[in-house]
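**Student:** This is the structure I have questions about; it appears just below.
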Amino acid sequence: WLDPEIRSSVGAIGLMQIMPVHRGGWPECGTDLEDIDQNICHGARIFAHYFERSGANIERALLRYNGCVNGTNTPNCHQYPYHVFARAGRASVLAWLGQGPVAASP
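Next up, the structure:
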C-alpha cells in the first residue's frame, strides 16, 4: 500500500512527496527520491527546516511542507495540518491495538 515510486500531479515523488527541486539539497540523504530511505531523509530534513523557520509552529511548518504558504496551492490547502494530525492519530491508535499494515507485517 506504500508506493515509493508514486508521483503527484505536480511532480512530487515518493512516500514523503518530495519535489524534485529538493533533490540533493541534503547530501547525506542521497539523490534517489524513489529510494524509501533517501526520500524519508529528504522529507524529514525539509520538514525540520520549515519547523525551525516557522518558530517551532508545527501547523505552519506543515503548511509550508505542503506548499500552502499563502493559501494558493489548492482552495483547501489550509486544512492539510489537520489531515496529518488525524492520520497520525489513527495510526497511533491502530499501532496501540496491534492492528493495521504495520502490525500485520512480518
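Read left to right, the sequence shown gives residues 5 to 110 (this note's numbering).
The beta carbon of each residue, even a glycine, is placed where N, CA and C say it ideally should be.
Computed from a predicted structure; not experimentally measured.
Output yes or no for whether 8 Å exceeds the beta carbon distance between ASN61 and TYR84.
**Tutor:** no
**Student:** Taking the alpha carbon of MET23 as the reference point, which residue from LEU37, ALA90, PRO8 has its own alpha carbon closest?
**Tutor:** For MET23, the closest alpha carbon among the candidates LEU37, ALA90, PRO8 is that of LEU37.
**Student:** From GLY29 to GLY93, what distance separates their C-alpha atoms?
**Tutor:** 30 Å
**Student:** Could you have a look at ARG91 and say whether DSSP puts it in helix, strand or coil?
**Tutor:** helix
**Student:** Determine the burial state of GLY102: buried for a count of at least 16 other Cβ atoms within 10 Å of its Cβ, exposed for fewer.
**Tutor:** In summary, GLY102 is exposed, with fewer than 16 beta-carbon neighbours lying within 10 Å of its beta-carbon over all protein chains present.
**Student:** When we look at the beta-carbon of TYR86 and count the other beta-carbons within 10 Å, is it buried (16 or more) or exposed?
**Tutor:** exposed
**Student:** What separation, rounded to the nearest whole angstrom, lies between the Cα atoms of HIS82 and ALA99?
**Tutor:** Annotation: HIS82 to ALA99 spans about 28 Å, alpha carbon to alpha carbon.
**Student:** Would you say SER58 and ARG49 are within 8 Å of each other, going by their C-beta atoms?
**Tutor:** no
**Student:** In three-state DSSP terms, what is ILE10?
**Tutor:** coil
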